[in-house]
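S.K.: Chains as they are written, first to last, in the working numbering: chain H, 1 to 553; chain G, 1001 to 1448. Glycine included, every Cβ here is placed at the ideal spot set by N, Cα and C. There's a structure below that I have some questions on.
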Amino acid sequence: MTKQSHKRIFRPGLAACALAVAAAGLAVTHDIGAVAEPVSQAGPATFRRLSEDQYKRSIAQIFGAEIAVPGRFEPPVREDGLLAIGQSHVVVTPGGLEQYALRAREISAAVLDEAHRARYLQCAPATPAAFDEPCARGFLAKYGRLLFGRPLTNGEAAAAIALSRRAAASSGSFYTGVGAGLSSLLVSPAFVFRMEAVEADPAGGQRLDAYSLATRISFLLWDAPPDEALLDAAADGSLRTPQGLERQVDRMMASPRLEQGVRAFFSDMLAYDQFAGLSKDAQIYPIFNPQLRNDAQEQSLRTIVDHLLVQNGDYRDLYTTRKTFLTRSLGALYGVPVDARGFNGWMPYTFPAGSPHAGLLTLPAFLMLDPSHEGRSSPTIRGMMVRQNFLCQPVPPPPANVNFNLVQDVNDPLHKTARERLAAHQENPVCAGCHKITDPIGLALENYSPVGAFRAQENGVTIDASGKLDGAAYRNAIELTGLLRNSPAASACVVQRVVEYGVGRKLSPGEELWLDALNTRFAQDGYRFRGLLRAVATSPTFQAVAPATLALN
Amino acid sequence: MSRWNRRNVLRGAVNGAAVTVALPFLDCFLDGNGEALAATGAPIPTRFGTWFWGCGINEKRFYPDQVGKDFAFKTETKALAPFKERVTVFSGFNVILDGQPNLTHWSGIMGALTGTTPNRGGNGVGTSLAPTLDCLVADHIAAGTRFKSLQVACTGQSSVSYSMRAGNTVNSSEVDPVALYKRLFGPEFQDPNSGKFTPDPGIMLQQSVLSSVKDSRDELMRGVGAADRARLDQYFTSVREVEQQLAVQLQPPAPAEACAIPKAPAAVELGTTWEDATKMHDRLTDLMVMALACNQTRVFHVALSAAVSNLRKAGQSVALHELTHEEPIDPKLGYQVEATYFLEQSMDVFASLLRKMEAVREGTGTLLDHSLILGLSESNLAKLHTLESLPMIVAGTAGGKWKQGQHISGKGDTTSRVGLTIQQALGMPVGSWGTGANATSRAISEVT
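This is the structure in structure tokens:
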């Protein structure tokens, strides 16, 4: 099952190539602890536009949270299941560039205003009205390195200094001058994009250069750029030694920033970008409001972070855990009293045994996350989201000329429940193929309303939530999630997504072996997510780069 | 531009003290014929826009029964009756799939707007293999305006836009009137009729910054793989375009007779109900029409909804897209009553834009006369995602270069013929357009 789920990601035509690489790869292995990691050809380096969060986090990490980041960001694009893969394909339009220029201007102005400048400049100009080259040089070199994730080249430094000098002369202000220099760094594609640089690997083949590796690791673990210590490790070569690499990865995993990285990863994997603007009809679901929506998203991320990072629990138990956190508005949804802790914060809560609420799929975040249906639930969409986002199983789109007559007329007197209405799909051979994949899972979740509240009936008829998953019968969502928890596809999916998220692309031929090794290790390690992140971040394959001709993308 | 060379002005604007140039304020901006501005001798510019609504039509209620000039609007187009002499209805023009799959709610709109059926996408999003018509037109007619084009969407999502170059990145939409107002009429706006012009040294500085970024191009291009070079190159193209935008800001603006700076709009609720979206359309197009009149842009794109339209009536459990697929066809009426509510009223909204453009007087005509607006949807019958007889309506006369007042049947020809004809009417040197089965060199002679 594990192998099958991996093969799906490769083009059939490349199977022979993958096998050839696999055969070659078996001869040499890297020891990555419990499991020897086969050497693979890896894939191409990437060129990724920073996401809105990554941009904002970069500014906050480099300059401090008090420097505001204004303007509108271009919308992200999801490709092959992840925004992180879409980042490797998007461009910056003129409208987008206008916004980057505006941001650069305002960020520079804030950094160099009277209130802040002393914090960032390690020097004072001889006179504020005239250009002071050594002072400007030190400032631009320091922040250039942090923004670009590598030292400025001589050409870049010279250009920024020349611009600063001209602008200082014309404005009569040293600070306006270096502000222009800083602006030019902020508008550079070397900051707006993560540009991975490649070098020859002394052991043969190609690899990321040390700074690009630092950036890849840092965005994987923190969803933020490398800090000074990591850049120093790239500069002095220690990041290239196994011990030095592990030291940095362990340091970063011990940092509170790991939580933001884990939140970013699951927000991408579970498509939480769809929460932006998500709404439900106020007349049909009066309990729904932006507060409940935001709380639902946060509840789910809190549950994930607590289980995976704080408790260091088994990833698979996310499907079944009865532990979560409540606010007052979530308490109202569940009919659970929430004490003072939940009024301005979060109250830890464990649902009693036998409760219909257990695991991520029964949390309102999953249940409400369907922007295309504001007035009802769609078992098909819910089933598709489980297949695609939790199990990495793409569901083909419906045929363009499909006739949906009578399928979901909620006022249909003959077909009162979604199951009765969807039976039409199952009876139509054109539809049945895909709906057999999606609907049984979605129908098992029909006991939960579009905002996540439990319901036993729809239109006066008791909901039948039973079904079968891969031949195993279940009576309700709790039994289904128990089956999903033990499905190899569920754990293999998170491994695949972590790797794709880290490298910013679909996997290439030869990386299948790497995935298998990571899966084996994940299982041996009791499915600890921390262990998975560490294994990927310290993996030799994570830094390997394929020659461009082998690239799939 | 020579006088306002960036470095000269930087030198001139010492200590931030700007040079102010007084311009003669003219009582009458126009020449004797009323078709050119006396101050500059330039003709009144032609504008182009695309206006999109999601989920198609009921063709029997939409297309007139008669072709030619003597036709009567049907129920779904009756809102356009007051504009009969200034619109052309096209029926029988198809997006030809040409061996590609029918990517739902994507093949139709991209096929019609790019002349090339896409090979990746579906459910209203995807990749385009060629630029959309508005981008092509903007390359040709946008010189000298502050914004090459403007995109707006009425349901709150900036990703809803059917304006894009080849690739997967849309020209994202403005969705908030307050933000759009700030961008258009904020502190950097130069009133074309103020009679005063002050080149802003801050803009010079911004130009210097972009120029410095551009200087790093060659070094950075060497550092990326072949596949990513085009994306990096697009970045520098965008830098150049913003530089040109800034250059416009350093020129005294040509007077614009009809330009009246609108009042700053109040914050407005974003939403996907019909009421919210149409209110939003009203606010956004108020600003956009004035952006055209004030010569801030000449090209625009309006998306009333996404192709997979999530418009719904307040309190209704199902949105338009789901209705088109799931609502039974009324056996007596022969169409889906609930879905049709939205489709029929979409033309009212289109007509509201035409009314606003007609209300702007320019020379002896109106802004509408000096424009071409292509209204279209992504399918004919959304229920089945049909691409035959894709609904397309062209309004305006492009300054007299387009003969309106007709219903023209394409008899199964490609929609590219409409796109080609628009480009030629706008004076673009294009002899053929589209690819594969959607390639054409036959403009529609009835309108030009």
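(1) Sort G:W1402, G:K1279, G:A1293 by Cα distance to F1350 (chain G) and report the nearest one.
(2) Mind checking whether A234 (chain H) and A200 (chain H) have CB atoms under 8 Å apart?
(3) Flag this pair as yes or no: are the beta carbons of N1438 (chain G) and T1117 (chain G) separated by less than 8 Å?
(4) Chain H partners of A1179 (chain G), CB-CB under 7 Å?
(5) Please report the distance separating the alpha-carbon of A490 (chain H) from that of Y143 (chain H).
(6) Give the residues of chain G in contact with E37 (chain H), contact being defined as C-beta atoms less than 9 Å apart.
(7) Pick out whichever of H:G204, H:S188, H:L239, H:A203 has its Cα sitting closest to the Cα of S212 (chain H).
(8) How is W346 (chain H) classed by DSSP in three states: helix, strand or coil?
(9) Check whether the Cβ of Y1335 (chain G) lies closer than 8 Å to any Cβ atom in chain H.
(10) List the residues of chain G that D281 (chain H) touches, going by C-beta distances under 9 Å, in chain order.
(11) How about S267 (chain H): is its C-beta nearer than 8 Å to some C-beta of chain G?
(12) Identify, in the order they occur along the chain, each residue of the same chain with its Cβ nearer than 8 Å to the Cβ of N1310 (chain G), setting aside the five sequence neighbours on each side.
(13) Measuring alpha carbon to alpha carbon, tell me which of H:Q99, H:E259, H:A126 ends up nearest R1183 (chain G).
(14) Run through the DSSP bridge pairs and tell me what G1056 (chain G) is partnered with.
(15) Can you pull the chain G neighbours of L590 (chain H), defined as C-beta to C-beta under 8 Å?
(16) Please confirm whether D1228 (chain G) has its beta-carbon closer than 8 Å to some beta-carbon of chain H.
(17) What are the start and end residues of the beta strand (DSSP E) that includes R293 (chain H)?
(18) So who's on the other strand from Y175 (chain H), going by DSSP bridges?
(19) Between the region 83-91 of chain H and the region 1136-1155 of chain G, can you find at least three pairs of beta-carbon atoms closer than 8 Å?
(20) When you compare each of H:S487, H:A523, H:H307, H:R263 to F219 (chain H) by their alpha carbons, which one comes out closest?
(21) What residues match up with S1091 (chain G) in a beta bridge as DSSP calls it?
(22) Does F47 (chain H) come within less than 8 Å of chain G when only Cβ atoms are used?
(23) According to DSSP, is E74 (chain H) helix, strand or coil?
(24) Examine the Cβ distances between the region 119-131 of chain H and the region 172-179 of chain H and report whether three or more of them are shorter than 8 Å.
(25) Under a CB-based cut-off of 8 Å, is D1215 (chain G) close to chain H?
(26) For A1437 (chain G), does the three-state DSSP call read helix, strand or coil?
(27) Mind listing the chain H neighbours of K1148 (chain G)? Cutoff is C-beta to C-beta under 7 Å, in chain order.
(28) Identify the contact partners of T153 (chain H) in chain G, using a Cβ-Cβ distance below 7 Å as the criterion.
(29) Just checking: is the beta-carbon of E1241 (chain G) within a distance shorter than 8 Å of some beta-carbon in chain H?
(30) Return helix, strand or coil for A554 (chain H), following the three-state DSSP convention.
(31) What does the Cβ neighbour count give for G95 (chain H), buried or exposed, with the cut at 16 atoms within 10 Å?
(32) Can you find a CB in chain H that lies within less than 8 Å of the CB of N1295 (chain G)?
(33) Give the single residue among H:I437, H:L318, H:G138 whose Cα lies nearest to the Cα of H307 (chain H).
(34) Only counting the same chain, and skipping five residues up and downstream in sequence, which positions put a Cβ closer than 6 Å to that of D227 (chain H)?
(35) When you compare the CB positions of D295 (chain H) and L330 (chain H), do they come within less than 8 Å of one another, or not?
(36) For the candidate residues G:G1186, G:L1250, G:L1220, whose alpha-carbon lies nearest to that of P1201 (chain G)?
M.R.: From the atom records:
(1) Taking the second sequence and counting its residues from 1, the one referred to as residue 1350 (chain G) is at position 350. Nearest option by C-alpha distance: G:K1279.
(2) Position 234 of the first sequence, counted from the start, is the residue given in the question as residue 234 (chain H). Position 200 of the first sequence, counted from the start, is the residue given in the question as residue 200 (chain H). It is not a contact, given that the beta carbons lie outside the stated cut-off.
(3) Locating residue 1438 (chain G) in the second sequence gives position 438, where the first residue counts as 1. Locating residue 1117 (chain G) in the second sequence gives position 117, where the first residue counts as 1. In this structure, the beta-carbon distance from N1438 (chain G) to T1117 (chain G) falls below 8 Å.
(4) Working through the second sequence from its first residue, we reach residue 1179 (chain G) at position 179. Near A1179 (chain G) (Cβ distances below 7 Å), the residues of chain H are R72.
(5) Within the first sequence, numbered from 1, the residue matching residue 490 (chain H) stands at position 490. Within the first sequence, numbered from 1, the residue matching residue 143 (chain H) stands at position 143. Inter-residue distance for A490 (chain H) and Y143 (chain H) is about 42 Å (C-alpha atoms, whole angstroms).
(6) Reading the first sequence from its first residue, position 37 is the one you call residue 37 (chain H). Those within 9 Å of E37 (chain H) in chain G number zero; the least Cβ separation is about 25 Å.
(7) The residue given as residue 212 (chain H) occupies position 212 in the first sequence. With distances taken between Cα atoms, S212 (chain H) lies closest to H:L239.
(8) The residue you call residue 346 (chain H) lines up with position 346 of the first sequence. Looking at W346 (chain H) - three-state DSSP - the assignment turns out to be coil, as it is neither helix nor strand.
(9) Here residue 1335 (chain G) refers to the residue found at position 335 of the second sequence. Y1335 (chain G) does not count as touching chain H.
(10) By one-based count along the first sequence, residue 281 (chain H) stands at place 281. D281 (chain H) reaches chain G at T1273, R1312, A1314, G1315, Q1316, S1317, counting residues in chain order whose Cβ is nearer than 9 Å.
(11) On the first sequence, position 267 is the one that residue 267 (chain H) refers to. Not one chain G Cβ lies under 8 Å of S267 (chain H).
(12) By 1-based counting over the second sequence, the position of residue 1310 (chain G) is 310. So the list reads T1155, T1272, A1319, L1320, H1321, once near-sequence residues are dropped.
(13) In the second sequence, residue 1183 (chain G) corresponds to position 183, counting from 1. Nearest neighbour of R1183 (chain G) by Cα position, chosen from H:Q99, H:E259, H:A126, turns out to be H:Q99.
(14) The residue you call residue 1056 (chain G) lines up with position 56 of the second sequence. Beta-bridge pairing links G1056 (chain G) to G:L1381.
(15) For residue 590 (chain H) there is no data in the structure shown, the boundaries of chain H being 1 and 553.
(16) As a working note, residue 1228 (chain G) is residue 228 in the second sequence. When Cβ-Cβ separations below 8 Å define contact, D1228 (chain G) makes contact with chain H.
(17) Along the first sequence, one-based indexing puts residue 293 (chain H) at 293. That residue, R293 (chain H), is in no beta strand (DSSP E); its alpha helix (DSSP H) goes 290-305.
(18) Sequence index remark: in the first sequence, residue 175 (chain H) carries index 175 (1-based). Among the bridge pairs identified by DSSP, Y175 (chain H) is matched with none.
(19) With the cut-off at 8 Å, the region 1136-1155 of chain G and the region 83-91 of chain H do not touch.
(20) As a position in the first sequence, residue 219 (chain H) is number 219, starting the count at 1. Taking only the C-alpha atoms, the option nearest F219 (chain H) is H:R263.
(21) Here the question's residue 1091 (chain G) lines up with position 91 in the second sequence. Bridge partners of S1091 (chain G): G:S1409.
(22) Locating residue 47 (chain H) in the first sequence gives position 47, where the first residue counts as 1. For F47 (chain H), a Cβ of chain G is located within less than 8 Å of the residue's own Cβ.
(23) What you label residue 74 (chain H) is simply residue 74 of the first sequence in a count that begins at 1. DSSP places E74 (chain H) in the coil class of the three-state scheme, outside both helix and strand.
(24) Cβ pair count under 8 Å is three or more, so yes.
(25) Along the second sequence, read from residue 1 onward, the residue named residue 1215 (chain G) stands at position 215. Look at D1215 (chain G): its C-beta is under 8 Å from a C-beta on chain H.
(26) As a first step, residue 1437 (chain G) must be located in the second sequence, where it is residue number 437. In the displayed model, A1437 (chain G) falls within a helix according to three-state DSSP.
(27) Taking the first residue of the second sequence as position 1, residue 1148 (chain G) is located at position 148. By Cβ distance, chain H contributes P94.
(28) Reading the first sequence from its first residue, position 153 is the one you call residue 153 (chain H). Within chain G, the residues whose beta carbon sits less than 7 Å from that of T153 (chain H) are E1219, listed in sequence order.
(29) Start at 1 with the first residue of the second sequence, and residue 1241 (chain G) comes out as number 241. Closer than 8 Å: yes.
(30) Examination of residue 554 (chain H) is not possible in this model, given that chain H is present from 1 through 553 alone.
(31) Looking up residue 95 (chain H) in the first sequence gives position 95. Counting the other Cβ atoms within 10 Å of the Cβ of G95 (chain H) gives 16 or more, which makes it buried.
(32) Here residue 1295 (chain G) refers to the residue found at position 295 when the second sequence is read from its first residue. Under the Cβ distance rule, N1295 (chain G) does not count among the residues neighbouring chain H, no pair being separated by less than 8 Å.
(33) Taking the first sequence and counting its residues from 1, the one referred to as residue 307 (chain H) is at position 307. Checked all of H:I437, H:L318, H:G138; the closest Cα to H307 (chain H) is H:L318.
(34) As a working mapping, residue 227 (chain H) is identified with position 227 in the first sequence. So no residue of the chain qualifies.
(35) Start at 1 with the first residue of the first sequence, and residue 295 (chain H) comes out as number 295. Start at 1 with the first residue of the first sequence, and residue 330 (chain H) comes out as number 330. Between D295 (chain H) and L330 (chain H), the gap from beta carbon to beta carbon is short of 8 Å.
(36) Reading the second sequence from its first residue, position 201 is the one you call residue 1201 (chain G). Taking each of G:G1186, G:L1250, G:L1220 in turn and checking the Cα distance to P1201 (chain G), the smallest one comes out for G:L1250.
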